[in-house]
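In what follows, a structure is listed as structure tokens, so that the remarks can point back to it.
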């Protein structure tokens, strides 16, 4: 019994820690609609700065003032850094297409990673313990740390303060109004720019505060940003975006589940040992999937007001300008001749880029014409890779069969997950795709008997040489892209775009919106699956990382960089992103810093994406 | 292949002595290139010192005349912790940079990915770090060799000590990936063999880097074990130690812990380092053998820092490669592989051999107890456990390796 009580207290403490990070993210999203990928970076910066201020400098000794003062000042400084980023970067791209800001914040993540390493070094830094709170309470005969008890209190206290801020101040009223209806607030004469900047300050301040308060719990290290960001997003979405109370509720639910599952003993079903206690990474995503399916806007979230947002119809996709078509033919011809001039390495790079062109094109199909952003496209890439590799490993299937098995498995995954996803829209849909991707990743990671776990499936080599494989990839990429293009211009594509621009009107003229979107989802999944299957044979092995978040992010970056609303966008994006990445890693140790700066520069220069920018220029020259 | 101007100048200088036609000269004096792939951006704490150790040995080798007059050079690549990137670098290094052999690898899955590439493309790969047993056993191949004592060896070293304790109820805590799973598997298996009657009453597998330490400690404590086998390291270990200390988990309990005695993991714990844990590790300030003193002095002189275990691994990887090249006198892959098999070389820890039977080096580790001295963790009552004493019999190993290796 006492064990259960203490475990409940553990869950409460973890919930507070999670809530502190998530509430800032929720507030920022609620008002600015920015999916702030850099939130984890602010959290990490808060922890590092707090470490420096409380311990590294030792400026007020190690007393309570030095400790708590250090954490607060660190949070304030990071808040100001957040303001700076809002002013020079985000403010310039609020008008860009939805999710484009994600790209910019991803650039910030990369820059912060390298800067933190340069400033604080690579070694984990163990922070000081809170003065006067080193000991433990006796809870029913078990020891429970005093600092954890404090954390349990801090969560609700911050929640209460935020409630007061939002409900008892003019600023809070404006923020709530902006969360509900941005345009109306602007129309009433409120300076949105100041409001956004101040909200960004509060959000980053809270993230950094969350980081600083972790000092007595865990060492400060360079993986903190990525470790927290996915969890923070889950909490925000489960709670309902923009709802601070919801965030606390969600943090509580997830943290308690994670604490108590550790006590569940292993059991067997049909000879298969199931270990619930090991699956610590799954419950948060499982909770998110279940909540989103039952309550599409989170526990305490409200449906966004659609009235005016529907006015922003995406531009119509026109027929390809002749010059672009010629350019396309020329580049395919050049690729066919490539093996004559390129060396083995050149071919290898080209093969990899072709595979990612296919991957990006498939994501673009659902994001652009389909209007369904996916944060979990790696799921289908990974399913494709595993489909091919497992067919080869368990059934000795030849490559030809593997290249069929991969897309089939991915399409099945797309059909299954898509059915749930198309019931949602916008960021909620994207987050549900992420949840499913994490579930696929967990299965690949933990079902060791079949997938080999993190050691992967090895020895999946193609039955043809390197030049042959290049041509195979070229054929897949060209045919895949042309098929997807064909689909966009077909009646199906028109229905899909109609559904994107106005679900209501599309429904009224007899289009089964959900069905069309579901089909698009499955098609995109199967093409991503063929890219994954090719990738498996290209690399000779398959690992859970193929289905992990960074792969989804890569795909998303390619599409956004190229431009969501142009058909050639994903092709350009894949080439630029992969090419940059590939070459930077070769020439500099600080490749993340340089890549991050390059992404930020591209974002500022081409807010419509690179191809989107070119398309606009075309349109201007045509006088259209 | 391009010649840099500096190399050309060096070559021209040598030409005065060597009187040969320029083409032959180039072939003889072109540097031997090693392609080194590691997770520099994601595992920087371990790999910074590793690279220092690597460069130290490389400079020593070049200062002592290189390999038959040829310089040795390294091209470093960052795989960012992704196996697919590691394979891309391997391809780039081999195809574009024409490296003579591959080395490196920190994470097990990356080691396995490069080993797969090495097998497919018939290139020598000297895996320095990855601990997985698969790389030399179930997935072993002719072209892959591994330096560091494996998961099996580390577990076997701790089992030897754990079996001496008068306790039978054990619990395990390990990160939930292949390394943690294998370490626990071997510890249980070997301990049960050595001491029949031991019981394993609880096991916790927190996700790597994401331990919920308070809840994990509580779950272990609830089973009330007499001994705890720990495999967590890095940030997870620090969290576990803090929560465990405050909650009294380690009081009156024995703890056997893998890698915890390595300065990489012990030093960040500072004055909260646990006391009395049985650990494998590296007491860098106390090992006074001739080889080690020479290495330590050179390292401190060059980098103004003390060596970590990673430094030794980097240093010895290069030492092994240099010894192999001087023995085989060829950069032909098959000849290099032949020279690696059964290769004996001088490591910072003494004599080491790359076993012919499974391509595992017999590099050992130090086994001892942790103790707090002047607010810092260190190892006491330690001894060097030679790797060759902690490996299964040749017959068992041969049964585990694929036939075509």
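Residue numbers (my numbering), protein chains in the order written: chain A, 1 to 624; chain B, 1001 to 1405. We put the CB at the ideal spot given by N, CA and C, even for glycine. Bear in mind the structure is a predicted one, so any value in this text is a computation, not a measurement.
Proximity of the stretch 360 to 380 of chain A to the stretch 562 to 573 of chain A meets the contact definition, three or more beta-carbon pairs being nearer than 8 Å.
Each of B:1335, B:1361, B:1337, B:1341 was checked against the Cα of residue 1317 of chain B, and the nearest Cα belongs to B:1361. Taking 7 Å as the threshold, the shortest C-beta distance from residue 1229 of chain B to chain A does not fall below it. Distances from the CA of residue 69 of chain A to each of A:53, A:83, A:79 were compared; the closest alpha carbon is that of A:53. Cβ-Cβ distances below 8 Å link residue 1271 of chain B to 1372, 1375, 1376 in the same chain, with the five nearest sequence neighbours on each side left out; the list follows chain order. 343, 344, 345, 346, 347, 348, 349, 352: these are the residues of the stretch 343 to 372 of chain A whose beta carbon lies less than 9 Å from some beta carbon of chain B, given in chain order. Here the alpha carbon of residue 268 of chain A sits roughly 53 Å from the alpha carbon of residue 93 of chain A. If you draw a straight line from the Cα of residue 1034 of chain B to the Cα of residue 1072 of chain B, it comes to about 8 Å. In this structure, the straight-line span from the alpha carbon of residue 329 of chain A to that of residue 322 of chain A is close to 11 Å. Among the residues of the stretch 1099 to 1110 of chain B, those with a Cβ less than 7 Å away from any Cβ of chain A are 1108, 1109, in the order of the chain. Annotation for residue 12 of chain A: 152 place their beta carbon closer than 6 Å to its own, counting only its chain and skipping 5 residues before and after. Residue A:386 holds the alpha-carbon nearest to the alpha-carbon of residue 541 of chain A among A:386, A:414, A:515, A:434. Interface criterion met: the Cβ of residue 14 of chain A is under 7 Å from a Cβ in chain B. Per the DSSP secondary-structure output, residue 1226 of chain B pairs with nothing in a beta bridge. In this structure, B:1143 is the residue among B:1143, B:1106, B:1108 with its C-alpha nearest to the C-alpha of residue 1122 of chain B. Within chain B, the residues whose beta carbon sits less than 7 Å from that of residue 221 of chain A are 1235, listed in sequence order.
Every beta strand (DSSP E) of 3 residues or more that sits fully in the stretch 1122 to 1196 of chain B is shown, in chain order, as 1125 to 1127, 1144 to 1146, 1169 to 1173.
Cβ neighbours of residue 1309 of chain B within its own chain (closer than 7 Å, five residues either side excluded): 1262, 1263, 1264, 1282. Residue 503 of chain A places its beta carbon 7 Å or farther from that of residue 430 of chain A. Shown here, residue 97 of chain A sits in coil according to DSSP, grouped into three states, outside any helix or strand. Neighbours of residue 1078 of chain B in chain A, taken as residues at a C-beta separation under 8 Å, are given in chain order as 585, 589, 591. The stretch 14 to 34 of chain A makes contact with the stretch 162 to 182 of chain A, as at least three CB pairs between them are under 8 Å. Of all alpha-carbon atoms in A:41, A:97, A:7, A:76, the one lying nearest the alpha-carbon of residue 559 of chain A is that of A:97. Taking a C-beta cut-off of 8 Å against chain A, none of the residues of the stretch 1305 to 1320 of chain B qualify. No Cβ of chain A is located within less than 7 Å of the beta carbon of residue 1052 of chain B. Not one beta carbon of chain B lies nearer than 7 Å to the beta carbon of residue 609 of chain A. Within the same chain, and ignoring the five residues on either side of residue 574 of chain A in sequence, the residues whose Cβ sits closer than 6 Å to its Cβ are 356, 357, 360, 558. Using a CB distance cut-off of 7 Å, residue 1091 of chain B counts as an interface residue toward chain A. Residues of chain A with a Cβ closer than 9 Å to the Cβ of residue 1210 of chain B are, in chain order, 227, 231, 280, 281.
By the beta-carbon neighbour count (other beta carbons within 10 angstroms, threshold 16), residue 281 of chain A is buried. Proximity of residue 1238 of chain B to chain A, defined by a Cβ-Cβ separation below 7 Å, is satisfied. Contact with chain B is found for residue 143 of chain A, since one of that chain's Cβ atoms lies less than 7 Å from the residue's Cβ.
Among the CB atoms of chain B, one or more fall inside 7 Å of the CB of residue 7 of chain A. Exclusion of the five residues before and after residue 283 of chain A leaves 254, 257, 258, 261 as the residues of its chain whose Cβ lies within less than 8 Å of its Cβ. Between the stretch 239 to 249 of chain A and the stretch 1246 to 1257 of chain B, the count of Cβ pairs shorter than 8 Å is below three; the stretches do not touch. When rounded, the separation of the alpha-carbon atoms in residue 1170 of chain B and residue 1250 of chain B is 13 Å.
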